[in-house]
Amino acid sequence: MLKKLLASACGAVALFASAPASAVPVGLELVLLIDVSGSVDGNEYNLQKSGYVQAFQNAAVQNAILGSQGGAIAVTYVEWSGAGEQSQKVSWALIDSAAAANAFAASINAVSRAFNGSTGIQSAIRYGAGLFGTETGGAANGYESARQVMDVSGDGECNDGNCTTAFGRGYALGLGVDTINGLAIGGSGITSYYNNNVKGGAGGFVEGVNSFDDFAAAIQRKLIKEITNETPEPVSLALLGIGLIGVGAARRRAAKA
Numbered sequence: 132m133l134k135k136l137l138a139s140a141c142g143a144v145a146l147f148a149s150a151p152a153s154a155v156p157v158g159l160e161l162v163l164l165i166d167v168s169g170s171v172d173g174n175e176y177n178l179q180k181s182g183y184v185q186a187f188q189n190a191a192v193q194n195a196i197l198g199s200q201g202g203a204i205a206v207t208y209v210e211w212s213g214a215g216e217q218s219q220k221v222s223w224a225l226i227d228s229a230a231a232a233n234a235f236a237a238s239i240n241a242v243s244r245a246f247n248g249s250t251g252i253q254s255a256i257r258y259g260a261g262l263f264g265t266e267t268g269g270a271a272n273g274y275e276s277a278r279q280v281m282d283v284s285g286d287g288e289c290n291d292g293n294c295t296t297a298f299g300r301g302y303a304l305g306l307g308v309d310t311i312n313g314l315a316i317g318g319s320g321i322t323s324y325y326n327n328n329v330k331g332g333a334g335g336f337v338e339g340v341n342s343f344d345d346f347a348a349a350i351q352r353k354l355i356k357e358i359t360n361e362t363p364e365p366v367s368l369a370l371l372g373i374g375l376i377g378v379g380a381a382r383r384r385a386a387k388a
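Quick look at the structure:
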């Protein structure tokens, strides 16, 4: 076991020696995809946005980040609606302290609503897949990670653009996105839809809530599950963490070669 850990660590060192100097290694890159379609009224939009603000201000979420692989994550906040309506409202940010988490929360709090149109879930997922940078074949975003995860929240089914899972979910997973999770708002029907059409990849799950009033607590639970999902057991944690970053990035680069 120790020999495997050492081999992984050596591979990671070689990887980062050849990586762009600006690439920051983290355990997780997380794309937050927030539904702002017409079915989400002004009050619901504010409840949804404030839920994310409160989540990143929450001590349990902050502790999960600091205790996760590498002690840091990179995260970005995107609002989406119709097929051609996606906006990266808060750019990629490194969260490696409580202060950084609070600053990210403040950035979310400062955004204004981007859209109010139809519901293009698969288009949003396809857009989100392109934000991870070199791990999914795109332009560098400043980070290298062991896991790339998308977090999709919304209250309705796809009704705009190409709504096939092959166009969105399948495309994202094919590029190398590890996991797509959902936060479905509105009861069992929309939760079932998210399970069948949004959730995907390793360990993908859907958190279902009945209304936007339940959103804040749900997103906190969901973020903690996403952040801690693949945190290793405390056997040579630092060494294994470095090794996993190297293995994950090398696997994706080899697949693209």
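Converting from the sequence shown to the working numbering requires adding 131 to each position, the first position being numbered 1. Ideal Cβ positions, reconstructed from N, Cα and C, are used throughout, including at glycine.
- Here Thr310 carries a strand assignment [DSSP, helix/strand/coil].
- In this structure, DSSP gives Lys180 a helical state, which the three-state scheme calls helix.
- In this structure the stretch 307-323 does not lie against the stretch 227-241, because fewer than three pairs of beta carbons, one per stretch, are closer than 8 Å.
- Within 10 angstroms of the beta-carbon of Ser276 lie 16 or more other beta-carbons, which makes it buried.
- In this structure, the alpha-carbon of Thr250 lies about 16 Å from that of Thr322.
- Within the DSSP secondary-structure output, Gln219 pairs in a beta bridge with Val209.
- Leaving aside the five residues that flank Ile256 on each side, the residues in its chain whose CB is nearer than 6 Å to its CB run, in chain order, Gly299, Arg300 and Ala303.
- In the structure shown, Leu159 adopts extended strand secondary structure according to DSSP, grouped into three states.
- If you draw a 10 Å sphere on the C-beta of Gly169, you find fewer than 16 other C-beta atoms in it, and that means exposed.
- Counting other Cβ atoms within 10 Å of its Cβ, Ser254 reaches 16 or more and is therefore classed as buried.
- With contacts defined by Cβ atoms closer than 8 Å, Arg352 and Gly158 do not form a contacting pair.
- In the structure shown, the three-state DSSP call for Asp227 is coil.
- Annotated as distal: Gly273 and Trp211, with beta-carbon spacing of 8 Å or more.
- Within the same chain, and ignoring the five residues on either side of Gly213 in sequence, the residues whose Cβ sits closer than 6 Å to its Cβ are Gly248, Ser249, Gly251 and Asp291.
- In terms of Cβ geometry, Ala191 and Ile358 do not form a close pair [threshold 8 Å].
- Between Val280 and Leu197, the gap from beta carbon to beta carbon reaches 8 Å or more.
- Secondary structure note for Gln200: it is in no beta strand (DSSP E), with a DSSP letter that is neither H nor E.
- Residue pairing by DSSP puts Ser276 in a beta bridge opposite Val157.
- A check of alpha carbon separations from Thr207 across Thr296, Val242, Cys289 and Val337 identifies Val242 as the nearest.
- Excluding residues up to 5 positions away in sequence, Ala271 and Asn272 lie with their Cβ nearer than 6 Å to the Cβ of Gly264 in the same chain.
- Rounded to whole angstroms, the separation of the alpha carbons of Gly215 and Ala245 is 12 Å.
- Rounded to whole angstroms, Ala348 and Gln219 show a C-alpha spacing of 24 Å.
- CA-CA distance, Gln200 to Asn194, rounds to 12 Å.
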